[in-house]
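Here is the structure we will look at.
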Amino acid sequence: MNEKLSPSAQKVQNALLEVGLHVQVLELPASTRTAAEAAQAIGCDVGQIVKSLIFKTKRTGRPVLVTASGANRVDEKEIERLIGEPLGRADPDFVREQTGFAIGGVPPVGHSQKIDTFVDADLLQYKEVWAAAGTPLAVFCLTPQDLVRITGGTVARIARSS
Ligand code: 5CA
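One gets my numbering by counting positions in the sequence shown from 1 and adding 1029 to each.
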């Protein structure tokens, strides 16, 4: 068990407890920086990995969080349709400023501010999913229903059909 989490992972652990989600943040010995690495380290399906992707709206410059299944590419046009504004990709500094976390460890909750969130409908097919918890080594497991609840996110079909 984790004796002491790194500060970023502890921040996520605290945020989870604050929203009443009693799950343990795990710091793994292997990288979980990408969805594929995380699935390998955890031993789960890549589709069960929650990618927490930050986009930046082009007009108003605000962050939008898309929590997507690790198996999917996000259809940005669909997100643009849902928010009624064009999107640009956020650069690493923007991600850190807006969430308080660096790319590779961005969690779905525990950000420095409330961020409008969409949850990939494809995540709902799984009993459990795994999300980043603040660092490229930290993850936690939750149900997709809890993911929707703690993010206050809108469930949407956001997978790109290729
Ligand atoms: N810990 C893993 C699994 S939970 C993780 O955080 N994966 S992730 O997919 O949510 O985060 C990595 C994502 O960050 C990439 O899919 C990509 O969308 C984004 N990213 C990576 N490099 C950059 C970059 N230079 N600029 C903007 N976004 C980036």
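We put the CB at the ideal spot given by N, CA and C, even for glycine. Fair warning: this is a prediction, and the values are worked out from it, not measured in the lab.
Cβ distance (whole Å) where residue i is taken to contact residue j below 8 Å
i, j, result
"V1041", "A1167", "7 Å"
"L1094", "E1105", "Not really, about 13 Å apart at Cβ, beyond 8 Å."
"A1161", "V1135", "6 Å"
"P1165", "S1060", "6 Å"
"F1123", "K1085", "6 Å"
"G1163", "A1038", "5 Å"
"G1181", "T1096", "Actually they do not touch by this definition, with Cβ atoms about 11 Å apart."
Candidates the options, of which the one nearest residue i by Cα
i, options, result
"F1158", "A1150, A1131 and A1038", "Sequence inspection shows Val at residue 1158; the Phe mentioned does not correspond to that position. Comparing Cα-Cα distances from V1158 to each of A1150, A1131 and A1038, the minimum goes to A1150."
"L1152", "G1163, D1145, I1144 and C1170", "C1170"
"R1088", "T1096, Q1174, G1113 and Q1069", "G1113"
"I1071", "L1082, K1080 and L1055", "L1055"
"R1144", "G1090, R1186 and D1120", "One detail in the question is off: residue 1144 reads as Ile in this sequence, not Arg. For the residues G1090, R1186 and D1120, the minimum Cα distance to I1144 belongs to G1090."
"R1062", "A1044, L1046 and L1082", "L1082"
"R1186", "S1141, V1103 and L1046", "V1103"
Same chain, Cβ closer than 7 Å to residue i, neighbours up to 5 away in sequence not counted
i, result
"V1048", "V1138 and I1179"
"P1173", "L1152, L1153, Y1155 and V1158"
"L1050", "L1171, D1175 and I1179"
"C1073", "W1159"
"V1177", "V1148 and V1184"
Residue i, enclosing beta strand (DSSP E) - first and last residue
i, result
"T1096", "P1092 to S1098"
"V1158", "V1158 to A1161"
"A1185", "T1183 to A1185"
"R1118", "L1116 to R1118"
"V1148", "D1145 to D1149"
Continuous alpha helix (DSSP H) stretch holding residue i: start and end
i, result
"S1081", "Segment I1078 to T1086 is the beta strand (DSSP E) holding S1081; no alpha helix (DSSP H) there."
"A1065", "A1064 to I1071"
"T1128", "P1121 to T1128"
"D1175", "P1173 to T1180"
"V1041", "P1036 to E1047"
"I1112", "E1105 to I1112"
6 Å CB neighbourhood of residue i in its chain, flanking five on each side removed
i, result
"Q1127", "P1092"
"A1188", "N1101 and D1151"
"E1066", "S1060"
"A1064", "V1075, I1078, K1080 and G1099"
"P1058", "none"
"P1036", "none"
Residue-chain proximity (residue i, chain C), Cβ-Cβ < 8 Å
i, result
"R1189", "Absence of chain C from the displayed structure is noted, only one protein chain being present."
Own chain residues within Cβ distance below 8 Å of residue i, not counting five before or after
i, result
"P1121", "A1131 and I1132"
"R1118", "F1084 and K1085"
"A1044", "P1136, V1138 and G1139"
Meets three-Cβ-pair contact criterion under 8 Å: the segment 1106 to 1117 and the segment 1126 to 1137 | no
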